[in-house]
Amino acid sequence: MRKLIIATLALLLPAVGFAAGGHVELEKADIDLNDQASLQRGAKYYVNYCMACHSLKHMRYSRMADDLGIDDKALRENLLFGDAQPTSMMTNSMRPADGEVWFGTAVPDLTLVTRWRSPDWVYTYLKSFYSDPTRPYGVNNVIFPLVGMPHVLGDLQGVQEAIVEEHAGHEPTIAGVELTQPGSLAPEEYDNMVRDITAFLAYAGEPSQMERRKVGIYVLLFLGLFFIVAFALKKEYWKDVH
């Protein structure tokens, strides 16, 4: 079953009931872009749960497969749906007009979400849904109040309830969430899944970053060697100058 997973959607309505905490501390995603297995799992989760609604329109399937070490057979069997081809861009199947009807706004492309929000924000967001009967899809989010999307990983994570703090003379605030009904994944398994998705989105936001970092190391080594040679040349040139 294909579902959307991440959204930066909100129905911008006046706050009703509880207010979210003023400054929510983000959890550390601790992603490792050198962990190819994590990136491969993240790609699988994203394609199977996200791309019904959220595109990565600047990414091509074949580029992703080459970068992440996914062979052509695995790509075709596990990551290509409908009439998509390896050379196709990773676009979604939802029409913008449908997104506006269902969610109140066009569903965003998520290519740059980790660069715009940060990996820690995406990781924390995916862990911060809680039950809220006043919302259209029955859920809200601690770091994105009045979120417009459903919690599509709810069956995996389970049901979370808000931890509410009362303040005299002020609206109650949400200090966090607690798991009240377990899902099909243990909390640690769910955290790992969300971390893999976050890592994949961080890769998609800048596919060349790992190559650039490798090249950067060689550039620094070259500059260090060149400095030694230049310094030795300078000493040799000026040794007889008084």
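Numbering (mature numbering (1 follows the signal peptide of the UniProt record, and there is no 0)), first residue to last: -19 to -1, 1 to 223. Glycine included, each C-beta is placed from N, C-alpha and C at the ideal position.
At least 7 Å separates the beta-carbon of Thr179 from that of Ile51.
Counted as a single uninterrupted DSSP element, the stretch harbouring Asn59 is not any beta strand (DSSP E) but the alpha helix (DSSP H) occupying residues 53 to 59. The straight-line gap separating the alpha-carbon atoms of Met32 and Arg176 is approximately 18 Å.
In terms of Cβ geometry, Pro100 and Ala10 form a close pair [threshold 7 Å]. Rounded to the nearest angstrom, the gap between the Cα atoms of Pro77 and Ala55 is 30 Å. DSSP places Pro100 in the helix class (H, G or I) of the three-state scheme. The C-beta separation of Val123 from Val145 comes to about 11 Å, leaving the pair out of contact by the 8 Å criterion. In this structure Met75 does not touch Lys38 by the C-beta definition: roughly 12 Å separates them, more than the 8 Å allowed. Within the segment 164 to 197, the complete alpha helix (DSSP H) segments of 4 residues or longer fall at 168 to 186, listed in chain order. Looking at the DSSP output, Val140 sits in a beta bridge with Gln162. In the DSSP assignment, Phe207 forms no beta bridge with any residue.
By alpha-carbon distance to Pro163, the top candidate from His151, Met174, Leu91, Gln141 is Gln141. Counting the other Cβ atoms within 10 Å of the Cβ of Phe62 gives fewer than 16, which makes it exposed. In the DSSP assignment, Phe110 falls within the beta strand (DSSP E) that extends over 110 to 112. Using a Cβ distance threshold of 7 Å, Val28 and Leu60 count as a contacting pair. Exclusion of the five residues before and after Thr68 leaves Arg41, Tyr42, Ser43 as the residues of its chain whose Cβ lies within less than 8 Å of its Cβ. One alpha carbon belongs to Leu7, the other to Val103, and they sit about 9 Å apart. When DSSP states are grouped into helix, strand and coil, Arg41 belongs to the strand group. DSSP places Asn15 outside any alpha helix (DSSP H), giving it a letter other than H or E.
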